[in-house]
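To start, the structure itself, in structure tokens.
In the working numbering, the protein residues as written are 212 to 501.
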């Protein structure tokens, strides 16, 4: 059984580590957030303070980080530590640009570390229930070595082909999530303005063809204004929206529905705490209509 090193133990990375530990993997972890670190230790994880130490002790390293600058800092530190004596696998589960993924893959191969691009579809709340889908890409033989690992914390791992296809599918998924989350807020606000009871709005829409995972998961948060702790924070999702926007531009595509939704998120930077759940986009929409 492979030894795992987990860098980033937040809503997603912490859940990955928990399920891996439950499946009897030895998991080393690093996270500067003391609450995340304490929770990880309570699961039976072994907390470390040094990335070199974690890499030396691990066969497979999992990255689950909140921002692009933090991702680049971690990769830079891995580079500084130099070439590994034994080949390692690094599973990158972050939503960052395709260019950053490819650049990092090329850097790591020189260090005897082989990278798998494997973002997931699902929220932090879903990760706690293993209700997420991994979209893995890269060399098939290396991805196959990680299949049992993915099986520990997800309901399905879909191999989507050559390296970088994982983030491409993640961008498609997040484009849809952006729109679904926003129109969920729009439907709720319209229903309230029409005098409908909030609970019934949710129950009726969720029962029919108009539902979505975002309506199912996020409308109750909107109704109850239950924005913390976040299942997916505004900080992380605003970063994801930038990744989608840049990828659309690089492919010379307009996406009118996404762009309208993204504009609402960008407006929220002035009014909504970045620690809030993305369900709080409802508050920005409501504010715009007052």
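Every residue gets a Cβ at the ideal spot worked out from N, C-alpha and C, and that includes glycine.
Per DSSP, the continuous beta strand (DSSP E) segment holding residue 347 begins and ends at 344-347. Residue 406 has its alpha-carbon roughly 43 Å from the corresponding atom of residue 377. Taking every protein chain shown into account, the CB of residue 358 has fewer than 16 other CB atoms within 10 angstroms, so this residue is exposed. Secondary structure note for residue 368: its beta strand (DSSP E) is the uninterrupted segment 367-370.
As the crow flies, the alpha-carbon of residue 474 is around 43 Å from that of residue 234. If you compare the alpha carbons of 320, 328, 409 and 255 with that of residue 306, the shortest gap goes to 328.
Approximately 7 Å separates the beta-carbon atoms of residue 491 and residue 445; this is inside 8 Å, confirming the contact.
Boundaries of the beta strand (DSSP E) harbouring residue 216: 215-218, taken from the DSSP string. According to DSSP, residue 331 shares a beta bridge with 345. For residue 425, the closest C-alpha among the options 454, 394 and 415 is that of 394. Counting along the chain, residue 410 sits inside the alpha helix (DSSP H) bounded by residues 409-418. Residue 292 is a Cβ neighbour of residue 262, given a cutoff of 8 Å. Where residue 299 is concerned, the enclosing beta strand (DSSP E) starts and stops at 299-303. The beta carbon of residue 482 lies closer than 8 Å to those of 494, 495 and 498 in the same chain, with the five residues before and after it left out. Within the same chain, Cβ atoms closer than 7 Å to the Cβ of residue 349 are found at 326, 327, 328 and 374, the five residues on either side in sequence being excluded. Classified as buried, residue 442 has 16 or more neighbouring CB atoms from the shown chains inside 10 Å of its CB.
Boundaries around residue 402 are those of the alpha helix (DSSP H), 376-404, since no beta strand (DSSP E) includes it. CA-to-CA, the gap between residue 432 and residue 288 works out to about 38 Å.
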